[in-house]
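Residues 1 to 214, numbered by the working numbering, are exactly what the sequence shown covers, in order.
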Amino acid sequence: MRSLPNPFDAAGRMVRYALGTAGSVADRVVPAVTAAVLDRLDLDGLAARIDVNRIADRVDVMRVARRLDIDLVADRVDVDRVADRVDIERVAARMDVNSVAARLDADTVAARIDVDRIAARIDVDRIAARLDVDAVIDRIDLVALTRAVLEEIDLGRIVRDTSGGMAEETVDALRLSSARADRMVDRVTDRLLHRPGAAPKGTDGLAPPHGQTP
Numbered sequence: 001m002r003s004l005p006n007p008f009d010a011a012g013r014m015v016r017y018a019l020g021t022a023g024s025v026a027d028r029v030v031p032a033v034t035a036a037v038l039d040r041l042d043l044d045g046l047a048a049r050i051d052v053n054r055i056a057d058r059v060d061v062m063r064v065a066r067r068l069d070i071d072l073v074a075d076r077v078d079v080d081r082v083a084d085r086v087d088i089e090r091v092a093a094r095m096d097v098n099s100v101a102a103r104l105d106a107d108t109v110a111a112r113i114d115v116d117r118i119a120a121r122i123d124v125d126r127i128a129a130r131l132d133v134d135a136v137i138d139r140i141d142l143v144a145l146t147r148a149v150l151e152e153i154d155l156g157r158i159v160r161d162t163s164g165g166m167a168e169e170t171v172d173a174l175r176l177s178s179a180r181a182d183r184m185v186d187r188v189t190d191r192l193l194h195r196p197g198a199a200p201k202g203t204d205g206l207a208p209p210h211g212q213t214p
């Protein structure tokens with residue numbers, strides 16, 4: 001007995017044929033229609049009618065950022081080209097330096113500074129060679145500096161003490177020289193006159209010099 005064809009198989013073949021035909025037609029028709037539409041479409045007018053802010057408000061920026069490959073983006077960025085296009089003076093003119101300084105934690109910055117390392121890199125000889133010593137001296141008020149030094153060391157008291165000490169030493173030296181001269185004259189006179197009992201050495205009838213014992 002001959003079996004009857006399955007109507008579902010026939011229907012399936014017809015559907016597949018129809019879809020294939022429709023796909024072929026679409027492959028030919030859609031590009032042509034799209035090109036014709038684009039040629040007749042006023043893209044500038046369409047762009048002007050787009051509310052970009054409304055679209056941006058509906059964008060989930062955080063979701064986009066999570067899906068973004070930062071390393072890939074950074075690798076494709078030409079930093080030098082970007083830097084060349086930056087107007088530094090314009091940026092600096094718009095910067096509120098006082099606001100930035102007010103938000104700056106100076107203690108934290110100072111704690112992170114390696115002062116010893118900075119000092120080790122300073123060329124003191126080079127700085128000294130470029131120093132204009134005459135200009136520095138010209139800016140110093142020598143009169144005021146001298147007055148301040150004299151006030152600190154009390155020069156008047158030092159002069160008084162020194163003068164007094166020098167005067168006493170001078171008087172002592174003169175008295176000692178006079179006593180020696182008197183003794184020498186006495187000895188010479190005693191020898192010439194043959195006087196007995198010459199004055200013993202070291203006695204001159206005078207009080208001992210200041211600060212000495214007879």
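Beta carbons: idealized from backbone N, C-alpha and C, even for Gly.
From residue i to residue j, what distance separates their C-alpha atoms?
{"i": "Asp-84", "j": "Ala-92", "result": "15 Å"}
{"i": "Ala-111", "j": "Met-95", "result": "26 Å"}
{"i": "Asp-39", "j": "Gly-23", "result": "24 Å"}
{"i": "Val-143", "j": "Ala-129", "result": "27 Å"}
{"i": "Thr-34", "j": "Val-25", "result": "14 Å"}
{"i": "Asp-80", "j": "Ile-122", "result": "31 Å"}
{"i": "Arg-90", "j": "Arg-139", "result": "38 Å"}
{"i": "Asp-75", "j": "Asp-69", "result": "10 Å"}
{"i": "Ile-55", "j": "Ser-99", "result": "34 Å"}
{"i": "Asp-107", "j": "Asp-60", "result": "39 Å"}
{"i": "Arg-16", "j": "Arg-58", "result": "41 Å"}
{"i": "Leu-41", "j": "Thr-21", "result": "29 Å"}
{"i": "Asn-53", "j": "Val-64", "result": "17 Å"}
{"i": "Ala-119", "j": "Leu-131", "result": "18 Å"}
{"i": "Leu-72", "j": "Ala-47", "result": "30 Å"}
{"i": "Met-62", "j": "Asp-51", "result": "21 Å"}
{"i": "Val-133", "j": "Val-86", "result": "42 Å"}
{"i": "Pro-31", "j": "Arg-103", "result": "59 Å"}
{"i": "Val-124", "j": "Ala-135", "result": "19 Å"}
{"i": "Val-77", "j": "Ile-137", "result": "55 Å"}
{"i": "Asp-27", "j": "Val-82", "result": "43 Å"}
{"i": "Asp-44", "j": "Ala-36", "result": "17 Å"}
{"i": "Arg-147", "j": "Asp-141", "result": "10 Å"}
{"i": "Asp-105", "j": "Val-97", "result": "14 Å"}
Which of the three DSSP states, helix, strand or coil, is assigned to residue i?
{"i": "Asp-125", "result": "helix"}
{"i": "Val-86", "result": "coil"}
{"i": "Asp-114", "result": "coil"}
{"i": "Arg-40", "result": "helix"}
{"i": "Ile-137", "result": "helix"}
{"i": "Arg-130", "result": "helix"}
{"i": "Arg-105", "result": "According to the sequence shown, residue 105 is Asp rather than Arg. DSSP places Asp-105 in coil when its eight states are reduced to three."}
{"i": "Asp-80", "result": "helix"}
{"i": "Asp-27", "result": "helix"}
{"i": "Glu-152", "result": "helix"}
Comparing the C-beta of residue i with each C-beta of chain C, is any distance below 8 Å?
{"i": "Arg-85", "result": "Among the chains in the structure shown there is no chain C, since it carries only a single protein chain."}
Query raised in the report: Which ranges would you report for the alpha helix (DSSP H) in the region 50 to 78 if only whole runs of at least 4 residues count?
Result: 52 to 58, 61 to 66, 70 to 76
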